[in-house]
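Participant:
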Amino acid sequence: VIKDFMVQGGDFLKGDGTGSMSIFGDKFADENFIEKHSGAGLLSMANSGPNTNGCQFFITCDACDFLDGKHVVFGRLVDGLLTLRKIENVSTGPNNRPKLPVKITECGQM
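Counting in the UniProt record's numbering, the sequence shown tops out at residue 110, every number present.
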């Protein structure tokens with residue numbers, strides 16, 4: 001969790017931000033860069049370079065145009081911006097990890 005930037009999650013393998021896997025196997029290619037990181041509440045793929053998408057994603061807390069062309073935006077929050085703001089303001093420790101568990105549940109469909 002990085003205030004004014006992003007909330008990242010999805011590492012169901014290791015739980016420490018280093019796990020990466022997908023339904024396609026290890027990693028998969030970038031799809032397109034049509035949508036831009038133009039504001040808060042955008043869902044985007046986390047990666048470690050071109051064509052390295054896996055299970056991790058992030059939700060933007062503000063515009064992040066420097067991520068355009070590097071991370072694929074695949075959705076947006078329809079409701080729950082207040083919840084995003086609450087998560088964004090949790091107390092964090094080393095490596096911006098929340099000091100208490102944060103879980104997103106009953107979030108609807110993609």
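By construction, the Cβ of each residue, glycine as well, lies at the ideal position given by its N, Cα and C atoms.
Got a sec? Which residues, its chain only, sit under 6 Å from V38 by beta carbon, not counting five neighbours each side?
Facilitator: Before going on, a small fix: residue 38 reads as Ser here, not Val. A63, listed in sequence order.
Participant: Taking the alpha carbon of K3 as the reference point, which residue from P94, V90 and G69 has its own alpha carbon closest?
Facilitator: Comparing Cα positions, the closest option is V90.
Participant: When burial is assigned at 16 or more other CB atoms within 10 Å of the CB, is A46 buried or exposed?
Facilitator: When all chains shown are included, A46 counts as buried.
Participant: For D68, which residues of its own chain have a beta-carbon under 7 Å away from its beta-carbon, when the five flanking residues on both sides are left out?
Facilitator: Answer for D68: F33, K36 and H37, listed in chain order.
Participant: Nearest to G49 by CA position, among D65, G41, A40 and K70, is which residue?
Facilitator: The residue with the shortest Cα to Cα distance from G49 is K70.
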